[in-house]
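Structure, as structure tokens:
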Amino acid sequence: MARGRRGRHSSAERGTRRDKRAEQDQPPGEGTGGNGQDRQDRQDPARGGVPDPDGARQQRVRGRGRARAGTAEPISAPVQGGLAELLPDRDRPRGRTLLIDGAPQSHVDLDDPGYLDFSYQRRLGHIADLAAPSGRPIQAVHLGGGAFTLARYIAASRPRSTQQIVELDAALVQFVRRELPLDGNWRIRVRGTDARAGLGKVPDGWADLIIADVFSGARTPAHLTSTEFLTDASRALRPGGLYAANIADGAPLAYLRSQVATARAVFAESCLTADPAVLRGRRFGNAVLLAGDGILPVPELTRRAASDPHPGRVEHGAALADFTGGARPVTDANATPSPAPPATAFD
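Going by UniProt numbering, the sequence shown opens with residue 1, and the numbers climb by one from there.
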């Protein structure tokens, strides 16, 4: 569940109207694979951006106020995952928040691609900053597209980076491309396929960074939670590359603990960053898992997370092992979707 509050640097893109079309692969017949436990998981595409309760409260104040001011109007369109809406940002003339069926997914400021508004996306932005020396181009894979927030951020902060976005919802991709166009000079390719299928097409050792932010409705599909899935992510990473995932959970945090255990079974190193209230199970929210086979930038990530407008905590080493407890790694044979957010999450 994507946590979104004001004051974080969010993905946004320059306001160029040049929109170089990226190649769209044909989606497979069943997009989300083995996650048929409820209606959403059977029918919704696996797409990026879990609904964000903090963003929902924020948009009631910011987005609607902007519309009343008459400077911009909300835009909507039906997509495979429901009704997509772009709400204007009262504080940023070209800022927009993407909602799917009323739930905030991501924020974009077309004038400032380096601005990340949602706290979990800011933490992912920190990881992108630490994936290589400052300004150096990288090769990144984004599993889940949403509004292409992190891809825009990397394109702006690391010019000449080569990126692949894997997003199943073709109608959403078309809507975002039309209303929030990508800079034609950015090296961003969009693949219209299921996240796991798209990951399987990434060459061995190609990626410096893989970001997984995939949700079917408000839940991560089961087939994107297993050791087999993470093993394929490890295959696609170069030596020293980083894997980062947005994970949504609430008390008793059994799902989050199992995902940490799964990462620890595949990668040599891992850490977890989130709002302390989420890590204590006091509320349903987002945690960002970082893993890799090399030394992780834990000290710098800790410093950056602690200095955010809404500070995050980083768990690593013995503290992370204690947090994981007796949780066991997830396999394809026993994988389940992430838990649904509580009914009050968007109040």
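By construction, the Cβ of each residue, glycine as well, lies at the ideal position given by its N, Cα and C atoms.
Considering only DSSP beta bridges, list what residue i is partnered with.
i       : result
Pro-88  : Arg-96
Gly-144 : Paired residues: none, contrary to the question.
Val-190 : Ile-165
Val-79  : Gly-82
Asp-109 : Gly-95
Gln-139 : Thr-162
Arg-178 : None; Arg-178 has no bridge partner.
Val-314 : Thr-273
Ala-103 : Ile-100
To the nearest whole angstrom, what separates the beta carbons of residue i and residue j, a pair I think is in contact under 8 Å?
i       : j       : result
Val-260 : Ala-327 : 7 Å
Gly-209 : Ala-265 : Just to set this straight, residue 209 is Leu in the shown sequence, not Gly. Leu-209 to Ala-265, Cβ: 21 Å. No contact.
Thr-262 : Ser-226 : 7 Å
His-142 : Val-166 : 7 Å
Pro-342 : Phe-284 : 6 Å
By a C-beta neighbour count over all protein chains shown, 10 Å radius and 16 as the cutoff for buried, is residue i buried or exposed?
i       : result
Glu-300 : exposed
Asn-286 : buried
Val-61  : Because the pLDDT of Val-61 is 39, which lies under 50, any placement of that residue in the model is unreliable, and the number read from its coordinates should be weighed accordingly. Exposed.
Ala-306 : exposed
Thr-344 : exposed
Asn-334 : exposed
Val-330 : buried
Ser-134 : exposed
Ile-295 : exposed
Arg-122 : buried
Gly-240 : exposed
Ala-340 : buried
Ala-233 : buried
Thr-231 : exposed
Gly-217 : buried
Ala-103 : buried
Glu-73  : exposed
Gly-33  : Caution applies to Gly-33, whose pLDDT of 29 falls short of 50 and renders its modelled position unreliable; the model cannot decide the point.
Ser-76  : exposed
Pro-221 : buried
Ala-140 : buried
Gly-325 : exposed
Gly-205 : exposed
Asp-322 : exposed
Pro-88  : buried
Asp-91  : exposed
Gly-144 : buried
Pro-203 : exposed
Notebook entry, point to check: In the UniProt region "Disordered" (323-347), which residue ranges form an unbroken beta strand (DSSP E) of at least 3 residues, counting only runs that do not cross its ends?
Noted result: none
Checklist line | Contact between the region 165-177 and the region 79-97 (3+ Cβ pairs under 8 Å) | finding: By the criterion of at least three beta-carbon pairs nearer than 8 Å, the region 165-177 is in contact with the region 79-97.
Next item on the list: List in chain order: all unbroken beta strand (DSSP E) runs of 3+ residues lying wholly within the region 189-250.
Entry: 207-212 and 237-249
Checklist line | Those runs of the beta strand (DSSP E) which lie wholly inside the region 259-297 and span at least 3 residues | finding: 269-274 and 285-292
Check: Counting pairs of beta carbons, one from the region 156-168 and one from the region 183-190, are three or more of them closer than 8 Å?
Finding: With contact defined as three or more Cβ pairs closer than 8 Å, the region 156-168 and the region 183-190 are in contact.
Note to self: Quick test of the definition: if touching needs 3 or more C-beta pairs under 8 Å, does the region 240-255 touch the region 302-321?
What the structure shows: Taking 8 Å as the limit for Cβ pairs, the verdict is that the region 302-321 does not touch the region 240-255.
Notebook entry, point to check: Does the count of Cβ pairs from the region 193-209 and the region 87-96 closer than 8 Å reach three?
Noted result: no
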